[in-house]
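Residue numbers (UniProt numbering): 1 to 134.
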């Protein structure tokens, strides 16, 4: 392994803005912020999500950000600040770095991810649909 995940995370964290769950709670509902949930749909169904968060599966993020992609999502051209999060903060750190390198700014990620959000008492929106799928 030339570059392991620890080194990738270290590099990402050196380049991106990291915010605490407490700070993120202050942005919820603000019209200039978009929360982006990078988790798999099964994680959302099992654990819920931050209310109003836009679900962008990590595997599609680059394609949804790029306006030249046939999969582009207009929300990423909104000019708002994007607050990325995943379960524990690793995927969101790498995603924020990638998005920033692609030119999507401003972006940040929540340290500790959804777990930290829930532990900080952040509101959680439960999703309808199957909850016991693997």
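No residue lacks a Cβ here, since even glycine has one placed at the ideal position from N, Cα and C.
Keep in mind that this is a model prediction, so the values were computed, not measured.
Would residue i and residue j be called neighbours here (beta carbons separated by less than 8 angstroms)?
| i | j | result |
| --- | --- | --- |
| residue 83 | residue 27 | yes |
| residue 59 | residue 89 | no |
| residue 16 | residue 97 | yes |
| residue 44 | residue 92 | no |
| residue 104 | residue 65 | yes |
| residue 174 | residue 110 | In the structure as shown, the chain begins at 1 and stops at 134. Residue 174 is therefore absent and cannot be evaluated. |
| residue 76 | residue 52 | no |
Between which two residues does the beta strand (DSSP E) carrying residue i extend?
| i | result |
| --- | --- |
| residue 17 | 17 to 19 |
If you measure from the CB of residue i, is any heavy atom of the ligand PLP nearer than 7 angstroms?
| i | result |
| --- | --- |
| residue 123 | With respect to the ligand PLP, the structure shown offers nothing to examine, as it has no ligands at all. |
Since residue i contacts residue j with CB under 8 angstroms, what's their CB separation in whole angstroms?
| i | j | result |
| --- | --- | --- |
| residue 127 | residue 12 | Contact flag wrong, Cβ pair sits at about 28 angstroms. |
| residue 125 | residue 49 | 5 angstroms |
| residue 114 | residue 85 | 6 angstroms |
| residue 33 | residue 81 | 5 angstroms |
| residue 102 | residue 62 | 7 angstroms |
Exercise. Could you give the uninterrupted runs of the alpha helix (DSSP H) lying entirely in the UniProt domain "Rhodanese" (29 to 126), keeping only those of 4 residues or more?
Worked result: 41 to 47, 61 to 65, 90 to 102 and 113 to 119
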